[in-house]
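This report refers to the structure that appears directly beneath it.
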């Protein structure tokens, strides 16, 4: 029986022609691109056992299944503190983990363009809760006292609340809605 990979344990079909030819047993011509996880970028040169240490069937395809330690160890920005999703492809490519294609303006809020450009020095100026970058404050920088804002939004904004998260609901790009 073939032991690398262990064909029986992995649940490979008993029809050899899917990977082997009648002219040679080695090398096997398995086409990973026909699976639910086609190999691209750095995945193409990764040793099979890096992903398939527990066999070949049922291997998870979610990035975080293999890259949890990368996610946990990233600190610029700290992915856990930022409460980032574990779907890596929003910022990372299969070519390499770094550099990431982080685009705060298009993914969240425009801080590199418009009125916020150059107005801040560190993430913690808006993200004041170190354990949750999903939490943010607008009111710390903007001179919007609650009395004036309550008066301005009375009758204009349905479900108005004097909270930064509520500001973002109506002003996701930092401008006054039409």
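Residue numbers (my numbering): 7 to 184. The C-beta atom is built at its ideal place from N, Cα and C for all residues, glycine as well. Computed from a predicted structure; not experimentally measured.
Alpha carbon to alpha carbon, how far is residue j from residue i? Give it in angstroms, no decimals.
| i | j | result |
| --- | --- | --- |
| residue 53 | residue 38 | 13 Å |
| residue 184 | residue 132 | 25 Å |
| residue 51 | residue 103 | 14 Å |
| residue 20 | residue 26 | 11 Å |
| residue 80 | residue 122 | 26 Å |
| residue 154 | residue 78 | 42 Å |
| residue 129 | residue 111 | 13 Å |
| residue 76 | residue 150 | 40 Å |
| residue 158 | residue 94 | 41 Å |
| residue 120 | residue 63 | 50 Å |
| residue 173 | residue 108 | 23 Å |
| residue 22 | residue 14 | 12 Å |
| residue 71 | residue 163 | 43 Å |
| residue 152 | residue 171 | 14 Å |
DSSP puts residue i in a beta bridge; with which residues?
| i | result |
| --- | --- |
| residue 81 | 84 |
Quick one, which of the options has its alpha-carbon nearest residue i's?
| i | options | result |
| --- | --- | --- |
| residue 127 | 10, 141, 44 and 147 | 147 |
| residue 145 | 136, 169 and 158 | 169 |
| residue 136 | 24, 85 and 98 | 85 |
| residue 44 | 100, 153 and 77 | 100 |
| residue 46 | 175, 167 and 69 | 69 |
| residue 140 | 60, 89 and 40 | 89 |
| residue 16 | 32, 28, 31 and 61 | 61 |
| residue 40 | 30, 28, 55 and 24 | 24 |
Could you round the C-beta distance between residue i and residue j to whole angstroms and report it? I think they count as a contact, below 8 Å.
| i | j | result |
| --- | --- | --- |
| residue 98 | residue 106 | 5 Å |
| residue 116 | residue 180 | 6 Å |
| residue 134 | residue 143 | 5 Å |
| residue 42 | residue 67 | 6 Å |
| residue 49 | residue 11 | Incorrect: roughly 17 Å between the Cβ atoms, too far for contact. |
| residue 96 | residue 74 | The Cβ separation is near 16 Å, so there is no contact. |
If I follow the unbroken alpha helix (DSSP H) through residue i, where does it start and stop?
| i | result |
| --- | --- |
| residue 158 | 152 to 159 |
| residue 174 | 170 to 176 |
| residue 191 | The requested residue 191 does not occur in the structure, where the chain is confined to residues 7 to 184. |
| residue 111 | 110 to 113 |
Within 8 Å of any Cβ in chain C, is that where the Cβ of residue i sits?
| i | result |
| --- | --- |
| residue 92 | As a matter of chain content, chain C is missing from the structure shown, which is built from one protein chain. |
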